Amino acid sequence: METAIGVFATRDRAAEAVQELLRGGVPENSIVFLTRSETDAQTVGKQFGAYPGGVIGGAAGMSAGVAAAVLLPAPGIGPVFALGFGGAALLGLAGAGSGCKVGATLAEDSNLPASASEGGLSIDVAFFRRVLNAGHSLIVVRTDYFRIATTSCEILDRLGLGMKKDTDSQSMVSTREADGAVIADFDGKIALADGTRLLRDTVCDFLALGHKRILLNLEGVDFIDSAGLGELVRAHASIRSRGGHLKLLRPRDTVLKLLQITKLDGLFDIEQDEVAALVSIRKNVSAQAAG
Numbered sequence: 318m319e320t321a322i323g324v325f326a327t328r329d330r331a332a333e334a335v336q337e338l339l340r341g342g343v344p345e346n347s348i349v350f351l352t353r354s355e356t357d358a359q360t361v362g363k364q365f366g367a368y369p370g371g372v373i374g375g376a377a378g379m380s381a382g383v384a385a386a387v388l389l390p391a392p393g394i395g396p397v398f399a400l401g402f403g404g405a406a407l408l409g410l411a412g413a414g415s416g417c418k419v420g421a422t423l424a425e426d427s428n429l430p431a432s433a434s435e436g437g438l439s440i441d442v443a444f445f446r447r448v449l450n451a452g453h454s455l456i457v458v459r460t461d462y463f464r465i466a467t468t469s470c471e472i473l474d475r476l477g478l479g480m481k482k483d484t485d486s487q488s489m490v491s492t493r494e495a496d497g498a499v500i501a502d503f504d505g506k507i508a509l510a511d512g513t514r515l516l517r518d519t520v521c522d523f524l525a526l527g528h529k530r531i532l533l534n535l536e537g538v539d540f541i542d543s544a545g546l547g548e549l550v551r552a553h554a555s556i557r558s559r560g561g562h563l564k565l566l567r568p569r570d571t572v573l574k575l576l577q578i579t580k581l582d583g584l585f586d587i588e589q590d591e592v593a594a595l596v597s598i599r600k601n602v603s604a605q606a607a608g
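Read in order, the letters of the sequence shown correspond to residues 318 to 608 in our numbering.
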């Protein structure tokens, strides 16, 4: 399963992205749109054939085949409009036509627990909360099909992240242990296909071996796309669901800027010095044990 994430500061750009996704053959049931603005929900909903203007019993009228647009009272966020199948599950809430377990959406992995919590919210909700509270909206596309994932990434990279792929670098990783932690040194790109698979497999291998202090060294990473962002969020959820701790180490300026634009810099612990990161992660583990 690939997860691509786009963050949008303007209603028009979000509506354009949904329109291009649908025109590009991305199924409606693979797309979720989240916003705190009813006006934005109305505008973007029209791309789905949905009209969420009149909320009745918490759900608005939708066209056949599209999950209800739900007005959700999300903890720590306030009222949120969720359009598309699985919108409520993304926010860790019940409802909205999804069979997902509460809080399981981005932590899903056949070998890992489905959910994690941070102050009573699922870890992925912590990310959504930061974005929505900043006044931005989100489009999340989840699919098992490579063609659909490729189309979605191209559109979300261009319209949500304001970038295009400008590197042909290969995705590589080497791993090592240091002072009770494991470190994955990534090089090249964390992008759809090889990059996201490499990150997913690396984290799964660490967890399968019982490692819970994990550093991802991004010093050699020159490109992250919308699927790479989705995989980073998934990795964060998976590690925290096992009671582990994750830190990002030395991201380049371009990568750090991308994390700031998408508000992921507030979700991840980011360190510029490896020794400081190791000391910090030991303190986090000690504090958790004492609590």
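Just so it is clear, CB atoms sit at the ideal spot from N, CA and C, and this is done for glycine as well. Every value quoted in this text rests on a predicted model; they were computed, and no experiment measured them.
Candidates Gly-560, Leu-351 and Phe-402: closest to Ile-322 by CA position:
Looking at the Cα atoms, Leu-351 is the closest of the given residues.
According to DSSP, is Ala-501 part of a helix, a strand, or is it coil? Annotated three-state conformation of Ala-501 is strand, per DSSP.
What does the alpha-carbon distance come out to for the pair Ile-500 and Ser-469? Between Ile-500 and Ser-469, the C-alpha separation is close to 31 Å.
Report task. Pick out the complete alpha helix (DSSP H) segments inside the stretch 451–501, 4 residues or longer, and give them in chain order. Result -> Runs found: 463–476.
- In whole angstroms, what is the alpha-carbon distance linking Arg-464 and Pro-344? Arg-464 and Pro-344: Cα-Cα distance of roughly 12 Å.
Between the beta-carbon of Ile-348 and the beta-carbon of Ile-507, is there less than 8 Å?
Remark: C-beta atoms of Ile-348 and Ile-507 do not approach each other more closely than 8 Å.
Query raised in the report: Who are the near neighbours of Asp-474 in its chain, counting only those whose CB is closer than 6 Å to its CB and skipping five residues on each side?
Result: Taken in chain order, the residues that qualify are Met-480, Asp-542 and Ser-543.
message = For Gly-561, tell me which candidate among Asp-522, Ile-531, Val-397 and Ala-593 has the shortest Cα-Cα distance.
response = Nearest option by C-alpha distance: Ile-531.
Beta-bridge pairing of Ile-541 - partner residues as DSSP gives them: Paired residues: Ile-507.
Inset, instruction - Could you have a look at Thr-352 and say whether DSSP puts it in helix, strand or coil? - result: Three-state DSSP puts Thr-352 in a strand.
Next on the checklist: Can you tell me where the alpha helix (DSSP H) holding Ala-593 begins and where it ends?
Outcome noted: Where Ala-593 is concerned, the enclosing alpha helix (DSSP H) starts and stops at 591–607.
Check your understanding: Less than 8 Å separating the beta-carbons of Glu-289 and Arg-569?
Key -> The displayed coordinates of the chain run from 318 to 608. Any statement about residue 289 would go beyond what the structure contains.
| said: DSSP three-state label for Arg-530, please. | reply: Note: Arg-530 maps to strand in three-state DSSP.
Original post:
Taking the C-alpha atoms as reference points, what is the distance between Pro-394 and Arg-446?
Top reply: Before going further, note that residue 394 is Ile rather than Pro in the sequence given. If I take the Cα positions, the gap works out to 6 Å.
With a threshold of 16 other CB atoms inside 10 Å of the CB of Asp-357, please say whether the residue is buried or exposed. Asp-357 should be labelled buried.
query = What residues match up with Glu-281 in a beta bridge as DSSP calls it?
reply = In this structure the chain extends from 318 to 608, so residue 281 is not present and cannot be described.
- prompt: What did DSSP end up calling Val-324 once you bin it into helix, strand or coil?
  reply: When DSSP states are grouped into helix, strand and coil, Val-324 belongs to the strand group.
How about Ile-472 and Glu-337: do their beta carbons lie closer than 8 Å?
Cβ atoms of Ile-472 and Glu-337: closer than 8 Å.
* Using the C-alpha atoms, what's the distance from Gly-362 back to Asp-522? -> Cα-Cα distance, rounded: 40 Å.
Taking all protein chains shown into account, do 16 or more other C-beta atoms lie within 10 angstroms of the C-beta of Thr-571, making it buried, or fewer, making it exposed?
Note on Thr-571: under 16 other CB atoms within 10 angstroms of its CB, so exposed under the neighbour-count rule.
inquiry  = Looking only at its chain, what residues have a beta carbon closer than 6 Å to the beta carbon of Ala-466, apart from the 5 residues adjacent to it on each side?
reply    = Contacts found: Glu-319, Thr-460 and Leu-509.
With 16 as the cutoff for other CB atoms within 10 Å, does Lys-600 come out buried or exposed?
-> With fewer than 16 other CB atoms across the displayed protein chains lying within 10 angstroms of its CB, Lys-600 is exposed.
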